[in-house]
Amino acid sequence: MGLRKSTYWLGTFLFDLVIFFLNVILFIVVSAALDLNIVFDNWLRAILCFLIFGPAQILFAYNMGFIFNKLENALKLFTIFCFFILFCLPNIFVAFLCFVYFGDHDDPTRELSKSLETFIKVLEVVFSVISPFYAFFNAYIFTANNYESVKGLFK
């Protein structure tokens, strides 16, 4: 007897989703207290980012759980793996490619070659599919860098 696997995983997922959205509410309260305009001027974009990131990250964590045999190993290595391997290294790699191409040149009109630009875009898509952290971070970086142009899209 006992629970079916689907019932167990659905209940666990819904519980984790509730916990995630409690953190989102806390983030919104703190953002309101600090008067962060980027969150409230683009509230629809922020909500969409959280709605996509939450389930993606939870399901990613579940899938990563199958890699580890022991709980101790998962607790030690999951954070390191997610943050350093799937978030920091892709950002460093893409930034390094841009830095190597631009180098110390002072010419602001120099543009990326089409092949390098395409390669970087492909890498960003691959890293975004692999890592929810990377995708979420880039969504907010895009919003911050294009604040004025994005502001009008979500009103």
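The sequence shown runs 461 to 615 under the numbering used here.
Glycine included, C-beta positions come from ideal geometry on N, C-alpha and C.
Quick caveat, the model's predicted, so the values are computed rather than measured.
Q: Go to R464, then tell me how far its alpha helix (DSSP H) extends in each direction, as first and last residue.
A: Counting along the chain, R464 falls outside any alpha helix (DSSP H), and DSSP gives it neither H nor E.
Q | Assigned secondary structure, F543 (DSSP; H/G/I helix, E/B strand, else coil) | A | helix
Q) Three or more C-beta pairs closer than 8 Å, one from the region 516-529 and one from the region 548-556: is that the case here? A) no
**Q.** Exposure of S591, with buried meaning 16 or more beta-carbon neighbours within 10 Å
**A.** buried
Q. What whole-angstrom Cβ distance do V560 and E584 have, given they're in contact under 8 Å?
A. No, V560 and E584 are not in contact; Cβ-Cβ is about 17 Å, not under 8 Å.
Q: Return helix, strand or coil for L504, following the three-state DSSP convention.
A: helix
(Q) Suppose the cutoff is 8 Å on Cβ atoms and the five residues either side in sequence are ignored; what does the same chain contact list for F593 look like? (A) Q517, C542, F543, L546 and F547
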